[in-house]
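Asks: Residue numbers (numbering that gives the first Met the number 0), protein chains in the order written: chain A, 0 to 211; chain B, 0 to 390; chain C, 0 to 46. Every residue, glycine too, gets a C-beta built ideally from N, C-alpha and C.
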Amino acid sequence: MVDLKVLTQAMSDLDEDVLNKAIDEALSKDDNTAEVQEVVKACQQGMTLVGERYDSGEYFIGDLVFAGEVLQSVMDKLKPALSADSSAKGGMIVLATVFGDLHDIGKNIFRSMVEAANFEVIDLGINVPVSQIVDKVKEVNPDIVGLSGVLTLALDSMKETVDALTEAGLRNSVKVIIGGVPVNENVCKSIGADAFSTNAAEGVKICQRWVG
Amino acid sequence: MMSEVMNLYQKRVERIYKTINLEQPDRVPISSALGTWSSYYAGYTDSESNWDLDKCSKSLLKVVNDIPMDVLHMFYARPGGMYQALGSKSFHYLNDNNIVQYSDENAEVMSAQEYPEFIKDPFRFMVEKVLPRKYSELAKDSPAKDLALAKGAMQFGMYGAKKGAAEANLITQYGIPMLFDGLAIMPLDWIADFFRGIKGAFMDMRRRPEELLEAAQALTPLVIRFGLGQMFSTPPKANPKIILLPLHLPTMLKTTDFDKFYWPMFKTIVEAFVANGVIPMPFYEGDWSRYYDHLQELPAKKTLGWFEHGDPKELKQKLGNTMCILGLFPLTLLQYGTKEECITKAKELLDDLAPGGGYIFSTDKELLSAADGKAENIIAVNKFVMEYGIY
Amino acid sequence: MEEQLLISWSDIVKEHPELADKDPAMGMNWDIGQEMIFAYVTFLALF
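Have a look at this one:
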């Protein structure tokens, strides 16, 4: 049986070797679904610790990007061993870098962390037109819409997106969170979002409070 | 007998260089980081100015006519004709109102397996491998690719000549000089932004640290040669030339990674420029307060420091004796604030940073999109600084 | 041994000492053409 505490610590320490060894061990056994589920949970807990270490100023963006990649490759390895309904989703988020902006590193870090916290994420990518976000929200009826941007012009696109959701009569059925370099409280108010964050880990906590 | 315009020009140059030398001039100089914003101000789109150098020139002439300042950062138009001649894959003209921006999507042109080849001879690797991957014309066989490279060089030369003429015109018509004569990118940023992608570089830092380190070391002399080449390919000036060093990764790294992969090369490069009579001006993007102790090691009175974020009191106290400081004034205030709020902020910054000299007033970053600042706020703030900044 | 691309000027001058001075027509160092091409190629590998 894999030591789950060691696994969580390894994820938190971003120790790929220990992680891979443990995962290979879990996958090598037959009838391993239950154990694999525990491994996934342990990794998700480790990812939460990564967020805390970023909050405390020990980890930086470079570490978060690496953590996201590590978690992604772990999940890719483990997914085939999980049964279809084993992962009860904690909520659905439609995520996008808004129109005019090509940056996605922050968005991708947020995506890894929020998936680790059991959310289902529909990532529309970068430079996403307002209409595409609105259409997707109509189609999948998510709990949350996450808008990301680094450039100051992204703020205009965020406002246009929120206005479009209101016009389409969808604004009240979702929570909107904005993230990225230029966001702050004033900006959040004028855009009409429900919350803002410049810190992915904090953004995850906000989303958890909304669906919890 | 000097004309009034040339008199203004001389005064501005003297004001700037006195400040760089950490002395107190007659008043706080104002450096305007007006980039592609100027095109929108003049009624053009960004893509018009990137391709049409005359429009960029006209935009800057309008800007210096309407907005009080001492110096402009740079002639921002890029050599679009050169990129077209070579079949560039890097630039994104997404829509009329967009600015040229970095995208991690196409950034990885070098695979991790290619580190040894890169380290052995980075210039050869760039010529043989990187260029054909970035430019479709250079991926063709000889003689098509040879002619394309030559055509691009012609475009590059013509661009340089036009740029030089436009800059000279700003001086003769308005007495406004440019602050920078060129720019250079640091080895780790070069590898991350243009060879491996940022994501790739962060992975390499953990999975291939020794190769990444050797690659950054191998690039260091090329960065120096690239910077000095720009400085010496135009006639010498009465005062030292200034080179912009936009820094990208440092605030995303933990300090141990910064100390290993970034700082030694950065310091070597800064010292090499200084030794050759060139003044480096790093753009310290993000919050550099973690690294102020490092920056104290840079040669005193020989660099400028353009800061995006930071506590002005702390900056002045820790770095006021090392470098000429500029920056910190937030663009978001110029766009979303009132005139009064903008002036209040400018007063705060001057009160903390101006005493004793060694401070140039500037925004926290370059104005790129139309929504990066309201013209009336910019004018009001600059007018205020010209009066309040008198020593 | 592979030929070096854009070798250092000091190595060229060893073979051709008559090039140590400035180019009389241009008034600039002979190696300025080389440095401009180096800057151009390097610039292409950036951005």
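Please confirm if I60 (chain A) has its CB atom under 8 Å from at least one CB of chain B.
Replies: Taking Cβ atoms only, chain B reaches closer than 8 Å to I60 (chain A), which makes this a yes.
Asks: Below 7 Å on C-beta distance, what does D155 (chain A) contact in chain B?
Replies: Simply A370.
Asks: Quick one: which chain A residues come within Cβ less than 7 Å of L211 (chain B)?
Replies: What L211 (chain B) touches in chain A: nothing, since even the nearest Cβ is about 12 Å away.
Asks: Please name the residue or residues paired with P279 (chain B) in a DSSP beta bridge.
Replies: B:I242, per the DSSP bridge assignment.
Asks: Would I11 (chain C) count as contacting chain B if we go by Cβ distances under 8 Å?
Replies: By this cut-off, I11 (chain C) is not an interface position.
Asks: Less than 8 Å between CB atoms is the rule here; does A38 (chain C) satisfy it with respect to chain B?
Replies: It does; some Cβ of chain B falls within 8 Å.
Asks: Please name the residue, chosen from A:F195, A:D62 and A:F118, that lies closest to G148 (chain A) on a Cα-to-Cα basis.
Replies: Residue A:F195 is the option with its Cα nearest to G148 (chain A).
Asks: Just by C-beta distance, which residues in the segment 50-81 of chain A are closer than 8 Å to chain B?
Replies: Cβ contacts with chain B: E57, Y58, F59, I60, G61, D62, V64, F65 and E68.
Asks: Who are the near neighbours of A353 (chain B) in its chain, counting only those whose CB is closer than 7 Å to its CB and skipping five residues on each side?
Replies: V27 and G388, listed in sequence order.
Asks: Less than 8 Å between CB atoms is the rule here; does Q112 (chain B) satisfy it with respect to chain A?
Replies: No, Q112 (chain B) lies away from the interface with chain A (no Cβ there is under 8 Å from its Cβ).
Asks: Once the 5 residues before and after D363 (chain B) are set aside, which same chain residues still bring their CB inside 8 Å of it?
Replies: So the qualifying residues of the chain are F306, E307, H308, G326, L327, F328, P329 and L330.
Asks: Which of helix, strand or coil does DSSP assign to L18 (chain A)?
Replies: Residue state, collapsed to three classes: helix.
Asks: Suppose the cutoff is 7 Å on Cβ atoms and the five residues either side in sequence are ignored; what does the same chain contact list for I19 (chain B) look like?
Replies: Closer than 7 Å at the Cβ level, and outside the excluded window around I19 (chain B), lie I278, L303 and C323.
Asks: Just curious, the beta strand (DSSP E) that F306 (chain B) is in, first and last residue?
Replies: L303 to F306 is the span of the beta strand (DSSP E), which, as asked, contains F306 (chain B).
Asks: Are the beta-carbon atoms of A199 (chain A) and L13 (chain A) separated by less than 8 Å?
Replies: Contact: no.
Asks: With DSSP as the reference, label L169 (chain A) as helix, strand or coil.
Replies: Correct three-state label for L169 (chain A): coil.
Asks: Going along chain B, which residues have a C-beta under 8 Å from L5 (chain C)?
Replies: Within 8 Å Cβ-Cβ: F122.
Asks: Tell me whether G145 (chain A) is buried or exposed, calling it buried when 16 or more other Cβ atoms sit within 10 Å of its Cβ.
Replies: By the 10 Å Cβ count, G145 (chain A) comes out buried.
Asks: First and last residue of the beta strand (DSSP E) that includes I176 (chain A)?
Replies: That run of the beta strand (DSSP E) goes K174 to G178.
Asks: Is L330 (chain B) close to chain A? Criterion is C-beta to C-beta, closer than 8 Å.
Replies: With 8 Å as the cut-off, L330 (chain B) counts as an interface residue toward chain A.
Asks: Rounded to whole angstroms, what is the Cα-Cα separation between I92 (chain A) and Q33 (chain C)?
Replies: Distance between the alpha carbons of I92 (chain A) and Q33 (chain C) is about 55 Å.
Asks: Give me the Cα-Cα distance between P181 (chain A) and L152 (chain A), rounded to the nearest whole angstrom.
Replies: Roughly 9 Å between the two C-alpha positions.
Asks: Taking 8 Å as the threshold (C-beta atoms), are L246 (chain B) and D292 (chain B) in contact?
Replies: No, they are not a contact pair.
Asks: Please say whether F260 (chain B) and A215 (chain B) have beta carbons closer to each other than 8 Å?
Replies: In this structure, F260 (chain B) lies closer than 8 Å to A215 (chain B) by Cβ.
Asks: Nearest chain B C-beta to E34 (chain C) closer than 8 Å, yes or no?
Replies: Yes, because at least one Cβ of chain B sits closer than 8 Å to the Cβ of E34 (chain C).
Asks: Considering only DSSP beta bridges, list what G196 (chain A) is partnered with.
Replies: Reading the sequence as shown, one finds Ser at residue 196 (chain A) and not Gly. According to DSSP, which records beta bridges pairwise, S196 (chain A) is partnered with A:G178.
Asks: Taking the beta carbon of G211 (chain A) as the centre, do at least 16 other beta carbons fall within 10 Å, making it buried, or is it exposed?
Replies: Exposed is the call here.
Asks: Given a limit of 9 Å on CB to CB distance, which residues of the segment 172-205 of chain B reach chain A?
Replies: Here the close residues are I197, K198, A200, F201, M202, M204 and R205.
Asks: Going straight from the alpha carbon of F74 (chain B) to that of Y358 (chain B), what length do you get?
Replies: Using only the alpha carbons, I get a separation of about 23 Å.
Asks: Does the beta-carbon of A167 (chain A) have 16 or more other beta-carbons within 10 angstroms, so that it is buried, or is it exposed?
Replies: Exposed.
Asks: Is it true that the segment 69-79 of chain A meets the segment 170-180 of chain A, where meeting means three or more beta-carbon pairs spaced less than 8 Å apart?
Replies: No, they do not touch.
Asks: Am I right that M280 (chain B) and V222 (chain B) are in contact with their C-beta atoms under 8 Å? What's the rounded C-beta distance?
Replies: No, M280 (chain B) and V222 (chain B) are not in contact; Cβ-Cβ is about 15 Å, not under 8 Å.
Asks: Which stretch, first to last residue, makes up the alpha helix (DSSP H) that contains A33 (chain A)?
Replies: Where A33 (chain A) is concerned, the enclosing alpha helix (DSSP H) stretches over T32 to D54.
Asks: Determine the extent of the alpha helix (DSSP H) in which T96 (chain A) is found, giving its start and end residues.
Replies: Not the alpha helix (DSSP H): T96 (chain A) falls in the beta strand (DSSP E), residues G90 to T96.
Asks: Count the other CB atoms within 10 Å of the CB of G276 (chain B); is the residue buried (16 or more) or exposed (fewer)?
Replies: So G276 (chain B) ends up on the exposed side.
Asks: Apart from the five residues just before and just after D142 (chain A), which ones in its own chain have a Cβ nearer than 6 Å to its Cβ?
Replies: Excluding positions up to five away in sequence, the list reads G90, M91 and V210.
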